[in-house]
Each structure stands twice: as structure tokens, then as C-alpha cells.
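Position one of the sequence shown corresponds to residue 26 (the working numbering), numbered consecutively onward. First up is the structure itself, then whatever we jot down about it.
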Amino acid sequence: MKRAFAVLILCSFAALGLSACVGSTPSGPQGDQQLWKGPISGMVSGEVEMTIRKSAGASKVLGRLNVKMSKAHGEHTGTISGTVNGKVINGEFSATFNGMATVEEGRGQVRGRFKGSFSENTASGTWIIESNEIAAKYTGEWRMTRQ
26 MKRAFAVLIL CSFAALGLSA CVGSTPSGPQ GDQQLWKGPI SGMVSGEVEM
76 TIRKSAGASK VLGRLNVKMS KAHGEHTGTI SGTVNGKVIN GEFSATFNGM
126 ATVEEGRGQV RGRFKGSFSE NTASGTWIIE SNEIAAKYTG EWRMTRQ
């Protein structure tokens, strides 16, 4: 009887330990996230950082952008920051950008687009950011690698 009770106790602890290991393994959408980073260039300089949530069909893209604007073609200098939201379908990257630009003359809302190609470890393409409030339009290229 004592032996059966001891075996029951040991099996219970083993089952609890196994369930704790299974519970700590990332699963679902969180387990499929990948961090991507890279430079953005052209009329701004900085880095773009995005999280790609892989799924069947379309992968979801979420990220942040913080860049310095260089004076080009008589336009403004300053900074741009905001969020990126988009998707990857069949190797094509498409995302929108919404944020704020801070320049010598003040602050203004900006919006933009990222387009490009996406593979297993690299992504690259073009971008455009514009604002009606500060009468500016910026363009350039971006690259990212999976971290």
C-alpha cells in the first residue's frame, strides 16, 4: 500500500512538471513572431524595427520607425517617429506608416507607405512619407534582416 501511494505521488509530481514545461513553451501567435531590423536611407537616416507574425497566407507586420530627416531639396530637417502596420503576402511586403514629424517650424502628422520584397531572412524596398501640415514629401529605401 505504501509503495502504491509513493508511486502515485511521484507520478503526480512528474505530471505537474511536464505540464509546467509545456505551459512555458510559446505557442499560437506569440510563438510565431520574428524580430526584423535594418537601416532606412534616402532623405532620412535611421533604423526601422518590425515584428513579423508569421501565419498561413498573410503574415502581419507591426513596427516602430524613428528617423532623422536631412535637409533635401529645400525641405525640412528634424525627426519622424511613429508606427508601421502591414502584411506580407506571397513574398510581397506592404505596410502603412502613421506618426509625427518634428521640424524647425513645429510638429505635424505624417503618413507613408513601405513596399518591397520579403524572403526568409531579408526584406527590402522603397518608402514614401508625406505631410500636408508641413508641406513635405520624403522618399528612400529600406532593408531589414531577421534577428
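Each residue gets a CB set at the ideal place from its N, CA and C atoms; glycine is no exception. Predicted, not measured: the structure shown is a model, and the values here were computed from it.
Please check the pair residue i and residue j, which I expect to be a contact at CB under 8 angstroms, by giving their CB distance rounded to whole angstroms.
i    : j    : result
K62  : E72  : 6 angstroms
R168 : S149 : 5 angstroms
F143 : G116 : 5 angstroms
Between which two residues does the beta strand (DSSP E) containing residue i stretch?
i    : result
Q59  : Q58 to G67
Q172 : Where Q172 is concerned, there is no enclosing beta strand (DSSP E), given that its DSSP letter is neither H nor E.
A81  : Per DSSP, A81 belongs to no beta strand (DSSP E) and is neither H nor E.
S179 : Given a span of 26 to 172 for the chain in the structure shown, any question on residue 179 remains unanswerable.
A148 : T147 to S156
T102 : Looking at the DSSP string, T102 is not in any beta strand (DSSP E), and its letter there is neither H nor E.
S144 : That residue, S144, is in no beta strand (DSSP E); it is neither H nor E in DSSP.
Which value, in whole angstroms, describes the spacing of the CA atoms of residue i and residue j?
i    : j    : result
G131 : A81  : 43 angstroms
E155 : E145 : 30 angstroms
T76  : D57  : 10 angstroms
E74  : L60  : 7 angstroms
A161 : T127 : 12 angstroms
E12  : M125 : Missing from the structure shown is residue 12; the chain here goes from 26 to 172 and no further.
I175 : F118 : In this structure the chain extends from 26 to 172, so residue 175 is not present and cannot be described.
E129 : G67  : 20 angstroms
A83  : T147 : 17 angstroms
Y163 : G141 : 17 angstroms
Do residue i and residue j have their C-beta atoms within less than 8 angstroms of each other?
i    : j    : result
N123 : R138 : no
R89  : T102 : no
V86  : A120 : yes
V92  : I105 : yes
W152 : G133 : no
If you measure from the beta carbon of residue i to each beta carbon in chain C, is any gap under 8 angstroms?
i    : result
S119 : Among the chains in the structure shown there is no chain C, since it carries only a single protein chain.
Any chance the CB of residue i is under 7 angstroms from a heavy atom of the ligand MG?
i   : result
G82 : Here there are no bound small molecules, and the ligand MG is not part of this structure.
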